[in-house]
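No gaps in the numbering here: position 124 of the sequence shown is 162 in the working numbering, and each next residue is one more. No residue lacks a Cβ here, since even glycine has one placed at the ideal position from N, Cα and C. Computed from a prediction, not measured in an experiment: that's the story for all the values here. To start, the structure under review is shown below, and the notes come after it.
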Amino acid sequence: MKAYALGCLFATLATSGTAAELAKDKIRTEVTRTSYGVVHVKANDFRSLGYGVAYAYAQDNVCMLADTFLTVRGERSRYFGPDAHTTTPKNGEYGVANGYIDLTNEQSDFYYKGYVDIDQLRAGYASGKQEIRDLLVGYVDGYNRYLSDNQKKLPNACRNAAWVKPITVDDMYRLVEEKSLHATGDVFAAGIVGAARDPAAPVALAKSLPSAVAKLPTGMPAGIGSNGLALGRDASANGRGLLLGNPHYPWNSTERMYQLHLTVPGKYDVMGATLAGLPVVVIGFNQDMAWTHTVTKAIHFTTFALALDPSDPTGTTYYHDGAPVKMTSRTVAIDVLQADGTLKSKQKTFYATKHGAVFVNPAAGVGWTAERAFALGDANRNGTRMLEQWLTLGQAGNVDAAKASLSGVGALPWVNTIAADRNGGTLYMDASRVPHMGADKFASDCFVVPALLAFDGTRSACAWGQDDGAAAGIFGAVNMPAQEREDYVGNSNDAYWLANVRAPLMGPAPFGYSPLYGSPGVEQTLRTRIGFKQVEQALASERHLNMDDLEDLLFSNRVHAAELVLPELIPACFASNDRDLLLACAVLQTWDRKADIDSRGAVLFREFWRAAAAVQDKWSVPFNPADPVNTPRGVAVAAKPALLDALRTAVVKLNKQNVPLYARLGDYQSETRNGKRYALHGGLGDEDGVYNTMVMQGDLTPSGYGNVNWGASYIQVVGFDRDGPVARGLLPYGQSVDPKSPYYDDQLPLFSRKKLVKLPFSDSEIRKDPAYSRKVLTDK
């Protein structure tokens, strides 16, 4: 490990040497903290910028970051044994090693060593932008510097742990790839490992495909989502753009967000948030433009059905355009900790075709027989331009430049983009990497197994297509859903169709957008509907909106399901004269129909609505694509008895748990940190139609729902004046996972009070911050 001079550790300007001395240093980065631990890193080059980001992030989250590197290196079994699950909490300090997949350590190690191709990643970064390579090299040096300086005083979760060790650039390549694969390879991780073989064992192919009992997963797991809303010159009070960013990401995994402001003067000046371990801002704003992301409805993979050569007993030769083709193979080894403390080496061989990796999924009917196998076409594998995409997006000065960046780089993995600029322009765009399979291919004989999203892998005519100027096999700008408006655009994880209620997107003639982007003219979630309804109601009153209005929209906590159901259900409830329901009827009648901390009746309605999910045909007015925000609605007469039964079920449940029917939501929905309980507002999002989403970890108990699983994470409301951005924000769960950190729970009380704080962007605003501290890191 490199030795470092003690005098250069976080020296203040007053003690860091003269300007001439600093000029000799290869690394010089200024790291400033403002209120709530928000990090501002300024450097003259991107290597120094990455260095400062890594050092600051490690100060707050070194154990979680070290655990992530352990995971992506494929070394969990070496230190923790093969059987523990990657979603097991570590020492109670944070939740999971990866918030999107649940594997044993052994499965995880084989997945990251077998599916993440380090040779391809090295080649991809070598051909990419120098700035990205510099950022990553600097990040490695900054992280290793932090370990060198603090190895003996790390947090309890990883102090003296052998698995906390210096990293290499390869580790950073793997970490970035892990983020890229959340909606594709991660979804199939168990199946990819399941198709790999022990090279020492005889080949045993199944005689027939398993019987399907479920469809394949289609992307990110339920609960991951976001709200994004951009208002343009025709809807904002000052005629400039306004943006609300409200991602709903994990509170307890390595996908936690982190607030930071990164500056290379004249080249990059962006504030916002990133995901753990990334050296760029992924959601944020610059001098003239703000953007956010929402998880897209689009699907970023297809599968391919392969006809195998029966003369090959190993089943590793497939036909393509009539000719036999041998699969490629890759054997990897992992070390596995044994009960006696020794290490045992295990190997698996992974197989791949020109379409992608071979996988199995018996529950969906995907097996590997002597006659047939399936391969995964993963649009996000080897995603080495993702950081470049976020770098150039952060450099865009208006929505047109943002659109050009998204179209030109085309490297977002699984998110939509919503943006607003200082001139009053807005943009919605799904520029995620979607396989080039148009509606014509879905209507052809190429589409062989719809339930498996499987195309014929034996014919080149059925492979992914190509758009001019786009990456091979990926849709380009001409076929990406995009909309620029002067009133508003928004998204809450429904498909592209309804980015603006007044002008739905239908796609290019004659086929429209690929079915992989989602479907137009379909029923929207309750969360999408309440978001657009609040905007439209404000605009209908001939009132333009300001930043306060966006905050109010986010934190209104209106339970849209209650607004749709209770006006008709409560009279029916009272008319039933059912003694078991009368108190419940009265509670719901007096409830404010919100998911605020003090809302009495919110718990009762939540449990009722969950029970009511099984009620069929509950709406009296069906969905109408011409009125997607206001339909379906109304309680069908025939459904009222079943809905009242659902209410009885909720009453029984609350009584059994000793929870009063009139209980305050804040007494049962909370987050506990260091033994202190913080009451939380917010609802279930798509499930009950609350825009401000807060999904808890468990079912209702006498003490509540447990801590937060997914929900409102980094929040930003950004406007512009003639000088630049005016921004407020919050990271409810705080900057650090270390219980001893001052940034572990300091923002939770603000969230409970629905209070966003000013985000200082200019140098003068930063210096005026009451918690301002500025130091310099140097390294020779």
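| Are the beta-carbon atoms of Gly819 and Ser246 separated by less than 8 Å? | What the structure shows of the chain is the stretch from 39 to 818, and residue 819 is not part of that stretch, so it cannot be assessed.
| Where Val472 and Ser218 are concerned, what is the direct C-alpha to C-alpha distance, given to the nearest angstrom? | One C-alpha to the other measures close to 13 Å.
| query | Which same chain residues, not among the five before or five after Gly130, have their C-beta less than 7 Å away from its C-beta? | reply | Model confidence at Gly130 stands at a pLDDT of 38, short of 50, so the residue's coordinates are unreliable and nothing is read from them.
| query | Under the DSSP definition of a beta bridge, which residues are partnered with Phe485? | reply | Phe493
| request: Between the Cα of Val251 and those of Ala242, Pro400, Ser186, Arg116, spot the shortest distance and give me the residue it belongs to. | output: Pro400
| message | Using only the alpha-carbon positions, how far apart do Tyr132 and Thr106 sit? | response | Confidence at Tyr132 is low in this model, with a pLDDT of 44, below 50, so its placement is unreliable and the value that follows should be read with caution. Answer to the nearest angstrom: the Cα atoms are 12 Å apart.
| request: From the DSSP output, in three-state form, read off Thr710 for me. | output: DSSP places Thr710 in strand when its eight states are reduced to three.
| From Lys151 to Val370, what does the alpha carbon distance come to, in whole angstroms? | 6 Å
| request: State the beta-bridge partners of His338 as determined by DSSP. | output: According to DSSP, His338 bridges with nothing at all.
| Should the segment 459-479 be regarded as contacting the segment 553-564, the criterion being three or more beta carbon pairs within less than 8 Å? | yes
| 8 Å contact criterion, which Lys656 and Leu681 should meet: CB distance rounded | 7 Å
| message | Cutting at 6 Å between CB atoms, please list the residues of its own chain near Thr256, excluding the five before and the five after it. | response | Ile337
| said: Please report the straight-line C-alpha distance between Glu293 and Asp783, rounded to a whole angstrom. | reply: 18 Å
| Integer-rounded CB distance, given that Tyr153 should sit under 8 Å from Gly223 | Approximately 6 Å separates the beta-carbon atoms of Gly223 and Tyr153; this is inside 8 Å, confirming the contact.
| said: For the beta strand (DSSP E) containing Trp329, name the first residue and the last one. | reply: 327-333
| task | Check whether the segment 628-635 touches the segment 740-757, counting contact only when three or more Cβ pairs, one atom from each stretch, lie closer than 8 Å. | result | no
| Tell me which same chain residues have a C-beta within less than 7 Å of the C-beta of Ser383, skipping the five on either side of it? | Ala371, Asp373
| query | How should Leu381 be labelled, buried or exposed, when 16 other C-beta atoms within 10 angstroms of its C-beta is the threshold for buried? | reply | exposed
| request: Please confirm whether Val202 and Met258 have their CB atoms less than 8 Å apart. | output: no
| Can you name the residues that DSSP bridges to Asp459? | Paired residues: Met327.
| query | Under 8 Å, do Gln773 and Gln297 count as touching if we go by C-beta distance? | reply | yes
| If we count the other Cβ atoms within 10 Å of its Cβ and call it buried at 16 or more, is Gly379 buried or exposed? | exposed
| message | With three or more beta-carbon pairs closer than 8 Å as the criterion, would you say the segment 644-660 touches the segment 671-678? | response | yes
| Check whether Trp452 and His78 have beta carbons under 8 Å apart | no
| query | How big is the Cα-Cα spacing for Lys796 and Pro808? | reply | 12 Å
| field | Ranges of the alpha helix (DSSP H) found wholly within the segment 721-746, counting only runs of at least 4 | value | none
| request: Taking only the alpha-carbon atoms, compute the straight-line gap between Val134 and Val775 and give it to the nearest angstrom. | output: Annotation note: pLDDT 42 at Val134 (below 50); position unreliable, coordinate value reported separately. Rounded to the nearest angstrom, the two C-alpha atoms are 12 Å apart.
| Nearest-angstrom Cβ-Cβ length linking Tyr534 and Gly432, presumed shorter than 8 Å | Cβ atoms of Tyr534 and Gly432 stay farther apart than 8 Å, at about 23 Å.
| message | Measuring CB atoms only, is the segment 261-269 touching the segment 719-733, in the sense that at least three cross pairs come out at less than 8 Å? | response | By the Cβ criterion, the segment 261-269 is in contact with the segment 719-733, since at least three pairs of Cβ atoms, one from each stretch, lie closer than 8 Å.
| field | Thr142 beta carbon less than 8 Å from that of Pro798 | value | no
| message | Quick test of your reading: Val320 and Ala81, contact by CB under 8 Å. State the CB separation rounded to the nearest angstrom. | response | Not quite, the Cβ-Cβ distance comes to about 19 Å (not below 8 Å), so this is no contact.
| Chain-order list of residues whose beta-carbon lies under 6 Å from that of Thr669 (same chain, five-residue window excluded) | Val659, Phe661, Asn662
| message | So, with DSSP's three-state summary, where would you put Ser658? | response | strand
| message | Is the separation between the beta-carbon of Ala92 and that of Tyr163 shorter than 8 Å? | response | no
| task | Look up Gly772 in the DSSP assignment and say whether it is helix, strand or coil. | result | Correct three-state label for Gly772: coil.
| Is the distance from the Cβ of Phe226 to the Cβ of Phe397 below 8 Å? | yes
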